[in-house]
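**Q** Numbered per the numbering used here, the sequence shown finishes at 340, counting up by one with no gaps.
The C-beta atom is built at its ideal place from N, Cα and C for all residues, glycine as well.
Keep in mind it's a predicted model, so treat the numbers as computed, not measured.
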Amino acid sequence: MNESTDSNPARPFFLETDSGRCFCIYYPPCSGKSFSGTFLYIHPLGDEMNKTRHMVALQARAFSNLGYGVLQIDLFGCGDSYGEFSESRWNIWKQDILCALRWIKENTSSGHVNLWGLRLGALLTLDFVRDFNSDFNIQNIVLWQPILNGQSYVTQFLRMNLVNNFYSNDSQSPHSVNELRKLSSAGKILEVAGYEVAPELIEAIDNLKLSEIVATQGEIHWFDIVSDMAQSNTPAKSKIIDTWKKENDHLYFHPIIGPFFWATQEIVECPQLLVETTKVFTNYYAV
54 MNESTDSNPA
64 RPFFLETDSG
74 RCFCIYYPPC
84 SGKSFSGTFL
94 YIHPLGDEMN
104 KTRHMVALQA
114 RAFSNLGYGV
124 LQIDLFGCGD
134 SYGEFSESRW
144 NIWKQDILCA
154 LRWIKENTSS
164 GHVNLWGLRL
174 GALLTLDFVR
184 DFNSDFNIQN
194 IVLWQPILNG
204 QSYVTQFLRM
214 NLVNNFYSND
224 SQSPHSVNEL
234 RKLSSAGKIL
244 EVAGYEVAPE
254 LIEAIDNLKL
264 SEIVATQGEI
274 HWFDIVSDMA
284 QSNTPAKSKI
294 IDTWKKENDH
304 LYFHPIIGPF
314 FWATQEIVEC
324 PQLLVETTKV
334 FTNYYAV
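1. State buried or exposed for H6, treating a residue as buried only when at least 16 other CB atoms are found within 10 Å of its CB.
2. What whole-angstrom Cβ distance do S237 and P252 have, given they're in contact under 8 Å?
3. Spatial neighbours of P97 within its chain, please: C-beta separation below 7 Å, excluding the five flanking residues on both sides.
4. Rounded to whole angstroms, what is the Cα-Cα separation between Q209 and I200?
5. Report the residue ranges of all alpha helix (DSSP H) runs contained in full by the stretch 303-335; include only those spanning at least 4 residues, in chain order.
6. Using 10 angstroms around the beta-carbon of I320, count the other beta-carbons present and answer buried if the total reaches 16, otherwise exposed.
7. Beta-carbon within less than 6 Å of L261's beta-carbon, same chain only, minus the 5 sequence neighbours each way: which residues are those?
8. Taking D281 as the reference, which of I309, L211, L179 and L254 has the closest Cα?
9. Would N193 and N160 be called neighbours here (beta carbons separated by less than 7 Å)?
10. Would you give the residue range spanned by the alpha helix (DSSP H) that V109 belongs to?
11. May I ask you to report which of helix, strand or coil DSSP gives L215?
12. What would DSSP say about Y220, mapped onto helix, strand or coil?
13. Could you tell me whether the Cβ atoms of N190 and Q270 are closer together than 7 Å?
14. Put I145 into one of helix, strand or coil per three-state DSSP.
15. State the beta-bridge partners of W197 as determined by DSSP.
16. Mind checking who V90 pairs with in its DSSP beta bridge?
17. Between which two residues does the beta strand (DSSP E) holding I78 run?
18. Report buried or exposed for T178, applying the criterion of at least 16 other Cβ atoms within 10 angstroms of its Cβ.
19. Are W143 and Y94 closer than 7 Å when you measure CB to CB?
20. Is there a Cβ from chain C that is less than 7 Å from the Cβ of P82?
21. In whole angstroms, what separates the C-alpha of I78 from that of P288?
22. What's the C-alpha gap between I255 and S205?
23. Return helix, strand or coil for E27, following the three-state DSSP convention.
24. Flag this pair as yes or no: are the beta carbons of P82 and Y121 separated by less than 7 Å?
25. Measure the alpha-carbon distance for N118 versus D100 and round it to whole angstroms.
26. Between which residues of its own chain and K147 is the CB-CB distance below 8 Å, once the five residues before and five after are set aside?
27. What separation, rounded to the nearest whole angstrom, lies between the Cα atoms of L326 and E272?
28. Return the Cβ separation of A153 and L68 in integer angstroms, given the expectation that the two are a contact with Cβ distance under 8 Å.
29. Assuming D149 contacts L128 (C-beta within less than 8 Å), just tell me the rounded distance between them.
30. Give me, in chain order, the residues of the same chain whose beta-carbon lies closer than 6 Å to that of W197; leave out the 5 immediate sequence neighbours on both sides.
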């Protein structure tokens, strides 16, 4: 594969995985730059995936301009990939990531592999590294607004179902998160914000906490977007950082003031996040 082109076009393709065909986009490194390595991007879920595509494309271009390749993958049951969301499982997604990293190894000359995850994708990234770090030369992990607690995330996700039930005036529908969780525990697939979510996926996410997952090798760059700098140093975040640093001294926390672009009604940009993320990698290997 030619890893550097003058026009630097993004290349869509389907990657064959054990679960089916996953849609991917590869951004080759910009012409005239030394090949610095490759980023694999892991997306968030649901509407957050759609609302963040623009920001992710901007950052992918920025990495490309520094000499990095960027591979984006739509995980099984998500986006334009094979499968239904109701069939998605946490372990299937980790296998998709494994296949994507193998593609990078086979199709680029990258000696440096970097992972980049957003929201729940950041939590998935770290959980993957915990299982497979020894299989790949992971140099850097970029976390954009990682989910701190899987159970809290699921609770917030399920509340969207309750809002829909309230406006539908359906007296037979569950009217509390506890009711929804009981249905899920009984094996029922829940429909939340237009997505059918399997009990196995809910259980897997429920059991994850950022404080309990840390990559022991490579550098970790945690970018945290807040509306006010006073919110950047919460007890929960401080506890996670202190816990991580006992295992990995190469942890860097980057608080940034900006919009919550993954949750806004309209598609918005967070320019400072792009600036700060790009700045970190400007002087790594790029010439």
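**A** According to the data block:
1. With the chain covering only 54 through 340, there is no way to say anything about residue 6.
2. Within the sequence shown, numbered from 1, the residue matching residue 237 stands at position 184. Within the sequence shown, numbered from 1, the residue matching residue 252 stands at position 199. Confirmed, about 5 Å.
3. Taking the sequence shown and counting its residues from 1, the one referred to as residue 97 is at position 44. Contacts found: T105, L171, R172, L173, G174 and W315.
4. Counting from 1 along the sequence shown, the entry for residue 209 is found at position 156. Counting from 1 along the sequence shown, the entry for residue 200 is found at position 147. Spanning the two alpha carbons is a distance of roughly 12 Å.
5. Fully enclosed alpha helix (DSSP H) runs of 4 or longer: 324-335.
6. The residue given as residue 320 occupies position 267 in the sequence shown. Looking at its Cβ environment, which holds fewer than 16 other Cβ atoms inside 10 Å, I320 is exposed.
7. On the sequence shown, residue 261 is found 208 positions in, with the first residue counted as 1. Only L176 and G203 meet the Cβ criterion.
8. The count along the sequence shown starts at 1 and reaches residue 281 at position 228. Of the candidates I309, L211, L179 and L254, the one whose C-alpha sits nearest the C-alpha of D281 is I309.
9. Position 140 of the sequence shown holds residue 193. Position 107 of the sequence shown holds residue 160. Contact: no.
10. Numbered from 1 along the sequence shown, position 56 holds the residue referred to as residue 109. Element bounds for V109: R106 to N118.
11. Position 162 of the sequence shown, counting from 1, holds the residue named residue 215. Here L215 sits in helix by DSSP.
12. Stepping through the sequence shown from its first residue, residue 220 is reached at position 167. Because the pLDDT at Y220 is just 49, under 50, the model does not fix this residue reliably, and the value given afterwards should be weighed accordingly. Of the three classes helix, strand and coil, the one that applies to Y220 here is helix, per DSSP.
13. In the sequence shown, counting from the first residue as 1, residue 190 sits at position 137. In the sequence shown, counting from the first residue as 1, residue 270 sits at position 217. Cβ distance not < 7 Å, so N190 and Q270 don't count as in contact.
14. Counting from one through the sequence shown, the residue named residue 145 turns up at place 92. Helix.
15. Reading the sequence shown from its first residue, position 144 is the one you call residue 197. Answer is L171 and F276, bridged to W197.
16. As a first step, residue 90 must be located in the sequence shown, where it is residue number 37. A quick correction: the sequence has Gly, not Val, at residue 90. According to DSSP, G90 bridges with Y121.
17. As a position in the sequence shown, residue 78 is number 25, starting the count at 1. Looking at the DSSP string, the run of the beta strand (DSSP E) that includes I78 is R74 to Y80.
18. Numbered from 1 along the sequence shown, position 125 holds the residue referred to as residue 178. So T178 counts as buried.
19. Along the sequence shown, one-based indexing puts residue 143 at 90. Along the sequence shown, one-based indexing puts residue 94 at 41. Not in contact: W143 and Y94 (Cβ atoms no closer than 7 Å).
20. No chain C is part of this structure, which consists of one protein chain only.
21. As a first step, residue 78 must be located in the sequence shown, where it is residue number 25. As a first step, residue 288 must be located in the sequence shown, where it is residue number 235. Spanning the two alpha carbons is a distance of roughly 38 Å.
22. Position 202 of the sequence shown holds residue 255. Position 152 of the sequence shown holds residue 205. If I take the Cα positions, the gap works out to 11 Å.
23. Shown here, the chain extends from 54 to 340; a query on residue 27 therefore has no answer.
24. If you number the sequence shown from 1, residue 82 lands on position 29. If you number the sequence shown from 1, residue 121 lands on position 68. Yes, they are a contact pair.
25. In the sequence shown, the residue the question calls residue 118 occupies position 65. In the sequence shown, the residue the question calls residue 100 occupies position 47. Their backbone Cα atoms lie some 28 Å apart in a straight line.
26. Working through the sequence shown from its first residue, we reach residue 147 at position 94. If we look at K147 and ignore the five residues flanking it on each side, its Cβ neighbours are L177, D180, F181, D184 and F185.
27. Along the sequence shown, one-based indexing puts residue 326 at 273. Along the sequence shown, one-based indexing puts residue 272 at 219. Taking the straight line from one Cα to the other gives about 18 Å.
28. Within the sequence shown, residue 153 is the residue found at index 100, counting from 1. Within the sequence shown, residue 68 is the residue found at index 15, counting from 1. About 6 Å; that satisfies the 8 Å criterion.
29. Here the question's residue 149 lines up with position 96 in the sequence shown. Here the question's residue 128 lines up with position 75 in the sequence shown. Confirmed, Cβ separation roughly 5 Å.
30. Taking the sequence shown and counting its residues from 1, the one referred to as residue 197 is at position 144. So the qualifying residues of the chain are L171 and F276.
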